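Remarks on the structure that follows.
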Amino acid sequence: MFFLKKFVKNPAKIGGVTPSSRFLAKRMLKGIDWSGIKCVAELGAGTGVLTRQITKSAGKDCRLLVFEQDETMRKALKKSFPKAVFGEKAENLPALMRESGCDKADLIVSGLPFSVFDKKMRLKILCNVRDVLSEQGIFVAYQYSKWLDEEFRGVFSEVRTEFELLNLPPAFVYFCRGSGQGRF
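Position one of the sequence shown corresponds to residue 49 (the working numbering), numbered consecutively onward.
And the structure:
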């Protein structure tokens, strides 16, 4: 009920009526080779469903950066994941990476509601993500529609999508790598 109230109050901040399902979290992290992951950033952590999966899978030397704009949720996440480095706004990803000593991110996952951001903010965040990814790094994000497909493909050279039915609402999962065709 807490999550639903937050959504009704400010859908642009929360982006969904319920937290991500464990099925969505598992789909997003499926196939990740954790042996080479040294720095992970999570954008829009919410209640920490994905954060829990990350901490279960990542090695002990992996640095975790967590971004959550909602202050109440961020405070709860800090209690649950005291070793993580926290930020409020995803557009500040490069600055927090520098401050935390992460040169490049090997994995960036996102629960951000990109469709409610204006185009300038979406592209700023997506281009920042692309620019801080390591050479073999991957960006994984979910969206509730394929409305932003062209923007993802304009920023990243490789984009693959999967669909997760066992989430409310069902979601498209984007797996992205590399620099785009120079459109953004």
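Note that beta-carbon positions come from the ideal geometry of N, C-alpha and C, so glycine has one too. Quick caveat: nothing in here was measured; it's all calculated off a predicted structure.
Pick from the options that is closest to residue i, judged by C-alpha positions
i, options, result
"C87", "F115, L155, L213, Y190", "L155"
"T209", "T66, K78, S105, S69", "K78"
"V221", "V157, E183, Q101", "V157"
"P161", "L144, C150, K137, S83", "K137"
"S69", "S227, W195, A106, L213", "L213"
"R100", "S83, M76, D81, G84", "M76"
"G92", "W82, V203, M121, E206", "M121"
"L72", "K104, E206, S227, Y190", "Y190"
"D151", "F204, K168, V177, K104", "V177"
"V97", "S83, I80, C110, A124", "A124"
"G107", "D81, K127, S128", "D81"
"Y192", "D109, M145, D166, F211", "F211"
"G149", "C175, F165, C110, D179", "C110"
"L167", "G202, K74, V207", "The amino acid occupying residue 167 in the given sequence is Lys; Leu does not appear at that position. Answer by Cα proximity: G202."
First through last residue of the alpha helix (DSSP H) which encompasses residue i
i, result
"D179", "167-180"
"V203", "197-203"
"F162", "It is not in any alpha helix (DSSP H) - F162 carries neither H nor E in the DSSP assignment."
"A143", "141-148"
"L77", "70-77"
Per DSSP, the bridge partner or partners of residue i
i, result
"V258", "Nothing can be reported for residue 258: it is not among the residues displayed for the chain, which extend from 49 to 232."
"G135", "F115"
"V210", "At residue 210 the sequence reads Glu, which differs from the Val that was named. In DSSP, E210 forms a bridge with V221."
"A153", "L181"
"I186", "L155"
Anticipated Cβ contact below 8 Å, residue i with residue j, distance rounded
i, j, result
"L181", "A153", "6 Å"
"E119", "G94", "Not quite, the Cβ-Cβ distance comes to about 13 Å (not below 8 Å), so this is no contact."
"A143", "L113", "The pair is not a contact, with the Cβ atoms about 11 Å apart (cut-off 8 Å)."
"S163", "L141", "Contact doesn't hold; Cβ gap of about 19 Å is too wide."
"F204", "G226", "6 Å"
Cβ-Cβ distance between residue i and residue j below 8 Å
i, j, result
"V188", "F223", "yes"
"E199", "L171", "yes"
"E139", "I85", "no"
"T103", "L216", "no"
Start and end residues, beta strand (DSSP E) containing residue i
i, result
"A106", "Here A106 belongs to no beta strand (DSSP E), and DSSP marks it neither H nor E."
"L91", "87-91"
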